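In this note's numbering, the protein residues as written are 372 to 947. Every residue, glycine too, gets a C-beta built ideally from N, C-alpha and C. What you are looking at is a predicted structure, and each value in this text was computed from that prediction instead of being measured. Only one structure is covered here, and it is reproduced in the block below.
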Amino acid sequence: MFIDMSAIVHSWKPRIKSVPSQLQNLIASMISVKNVTLSFGKRVLFDEVNLNFTKGNCYGVIGANGAGKSTFLKILSGEIEPNKGTVEITPGERMSVLTQNHFQFDEVTVLNAVLMGNKKLWEIANERDTIYAKEDFTEEDGMRAGELEAEYGEMGGYTAESDAGVLLSDLGVKEEVHGMLMKDIAGSLKVRVLLAQALFGNPDILLLDEPTNDLDVETIGWLENFLADYENIVIVVSHDRHFLDAVCTHVADVDRAKIQIFSGNYTFWYESSQLMARQIADKNKKMEDKRKDLLDFIARFSANASKSKQATSRKKALEKLVVEDIQPSNRKYPGIIFKQQREVGNQILNVEKLEKLADGRKLFTDVTFSVNKGDKIAFLSKDHLALTTFFEVINSEATADSGKFEWGTTVTSAYLPNDNAAYFANKDLNLMDWLRQYVPPHVTDVDEPFLRGFLGKMLFGGDEIMKKTSVLSGGEKVRCMISRMMLQDPNVLILDEPTNHLDLESIQAFNESMINYKGVVLFTTHDHTFMQSVANRIIELTPKGIIDRLMTFDEYLADERVKALREEMYGSAVPA
């Protein structure tokens, strides 16, 4: 959905105000949020929020699930009207919003869907074409057409189609698709087209809600580079920490009905808030030593080697930062702690020539490898169904068409599936009784405090543990599943997209837990930071066999031999 801000200003004057004309020449592009308040019934989502977003900066909006991040973007775009307050933007600025409605442009060609991203340019082109199509073309029509042609040219209209085509190709949408109707292309391609639509025409203000969803790592990398050099205002909501770190100059923290802007990217915000919290708790350390630690921390983060515009802006912002600007976070992080009942032996998992087809398509073939002590293996594939199916096979929840696998006798595994619906089939259970089902035989003396402790680690406290599983959100179900896994005292963990549905706090805690875990981890995730920081071995499943390398995720992506091998082993078997 793309918003014509001038139309909003005229039709909705109480909410969005123009900046006085005498100030226009004194200020750069800006969005000002003044006294914005929004509540739904008794629940106050935002209370007297005051913020400024300025040109040349990228703001990552973070906060717990349900805190109102996406709602805040809708307030900025005009889709939701606050109960009180205003959003002011510099006059004449064009705002572009990544639409969440994947069916809105179904009857439009792919190329035209992108061109429609610049609403004014699209309307000028349509008016011009309508005039030229007239049979009774008048002198007045000629004058108007001339005006439109001039405006069209000034806005880059004559290169618009080629610009849109390049943008689509950069995002992995091949040229043969550009003339197809949106309704006739795959959902994964629609996401890329709508992203191209949002980026098209260099908008002054760009609002992106979860732009990396359903993108592969190469396309996310392209988007990171594009936004890192973007000169205008970007405001983005994302759960992808690697993406936030790559593009953000500032973090907008949504917490307890307020929003605060902090200099730096997500990792700087997280580590600085944790450092400040530790310093407040340390009563013995001298104040001057604490201050020196904070200044050293700031200096380390500001010394960024990247030359991108966003990195330079972030460096300048951090250099201006004073210690007093750093605040401890109010966030609560779950306690994800896996203990092993026993250390795993030398025989862990042997897989030999596994093969699986789905609807006549090879998901994987000739999968042969052995798992060793200390392995933390990240599994990749361009076809996510291959990964989920593989994990289901080695957990005996699906059957391979051929091949075999064997677990060692010392293995105690815990599995986090991508789809956990089967674990919550009995909707009458409360959380306490739900968890009680999964207590392993070696655990005795299971009383209420014991179970409450495991649920409490995942932030289920007080009366929450008595609520029914039928009312749980997606994130709450994953947290319950992690409680269940911790109960098993496993020495092997199998994780299929472990960060799905989780907020950034839970993702961060889960990530750190996997780094520190002493057992074996077999996992797949779209979270780049999780993948890079946990895995010491990469196995990629392809329709023509596997690629198996002892290296980190970033090393794997950069390896030229691996790139050539991937191209050879996929061919055209899996559509982009």
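- For secondary structure counted as the beta strand (DSSP E) over 3 or more consecutive residues, the region 721-789 holds these complete runs in sequence order: 732-742, 747-751, 773-778 and 784-787.
- Closest option to GLY846, judged by alpha-carbon separation, among ALA435, LYS656 and GLU546: ALA435.
- Under the 10 Å beta carbon count, VAL608 is surrounded by 16 or more other beta carbons and is classified as buried.
- Annotation: ASP730 to ARG937 spans about 23 Å, alpha carbon to alpha carbon.
- Apart from sequence neighbours up to five positions away, the residues of its chain that approach ALA771 with a beta-carbon distance below 8 Å are LEU725, GLU726, LYS727 and VAL764, ordered along the chain.
- Per DSSP, reduced to three states, the secondary structure at CYS851 is helical.
- Inter-residue distance for GLY412 and SER673 is about 43 Å (C-alpha atoms, whole angstroms).
- Around the C-beta of GLY942, fewer than 16 other C-beta atoms lie within 10 Å, and the residue is accordingly described as exposed.
- Beta bridge pairing from DSSP links HIS899 with no other residue.
- Separation of the CB atoms of GLN711 and PRO861 is rounded to 7 Å, and the pair is thereby assigned contact status at 8 Å.
- Bounds of any alpha helix (DSSP H) do not take in THR480, whose DSSP letter is neither H nor E.
- Measuring C-alpha to C-alpha distances from PHE668 to each of MET922, ALA688, VAL694 and ARG685 identifies VAL694 as the nearest.
- Around the beta-carbon of LEU598, 16 or more other beta-carbon atoms lie within 10 Å, marking it buried.
- Secondary structure note for PHE424: it is in no alpha helix (DSSP H), and the uninterrupted beta strand (DSSP E) holding it is 414-425.
- Ranked by how close their Cα comes to the Cα of GLU876, the residues ASP624, LYS661, ASP818 and LEU806 have ASP624 in first place.
- At the C-beta level, LEU843 and PHE881 stay beyond 9 Å of one another.
- A Cβ-Cβ distance of about 7 Å is found for the pair VAL588 and HIS899, placing them in contact under the 8 Å criterion.
- ILE630 and LEU422 have their alpha carbons spaced roughly 8 Å apart.
- When DSSP assignments are scanned along the region 557-626, the uninterrupted stretches of beta strand (DSSP E) that are 3 or more residues long and fall wholly within it turn out to be 576-580, 604-608 and 621-626.
- Under DSSP, LEU912 forms a beta bridge with ILE917.
- If you check the CB distance, LEU552 and VAL481 come in under 9 Å.
- PRO869 sits close to VAL849, with the two beta carbons spaced by under 9 Å.
- In this structure, DSSP gives GLU518 a helical state, which the three-state scheme calls helix.
- With a threshold of 16 other beta carbon atoms within 10 Å, MET466 meets it and is buried.
- The beta carbon of LEU615 lies closer than 7 Å to those of GLY431, SER609, ASN636 and TYR637 in the same chain, with the five residues before and after it left out.
- In this model, THR442 and PHE424 are separated by some 17 Å (Cα to Cα).
- Nearest to LEU560 by C-alpha distance, out of VAL548, PHE571 and LEU570, is VAL548.
- One alpha carbon belongs to VAL622, the other to ARG908, and they sit about 32 Å apart.
- Per DSSP, PHE672 is one residue of the alpha helix (DSSP H) stretching across 658-673.
- If you compare the alpha carbons of LEU594, ASP575 and ASN573 with that of GLU581, the shortest gap goes to LEU594.
- Sequence-distant partners of PHE639 (beyond 5 residues in either direction) whose C-beta falls short of 6 Å from its own C-beta, in its chain, are PHE672.
- CA-CA distance, GLN859 to ILE604, rounds to 48 Å.
- Residue range 819-828 is occupied by the alpha helix (DSSP H) that includes PHE825.
- Considering only LEU665, MET852, HIS755 and ARG702, the residue with the shortest C-alpha distance to LYS733 is HIS755.
- According to DSSP, GLN631 shares a beta bridge with ASP624.
- With contacts defined as CB atoms closer than 9 Å, ALA569 and VAL544 fail to qualify as a contacting pair.
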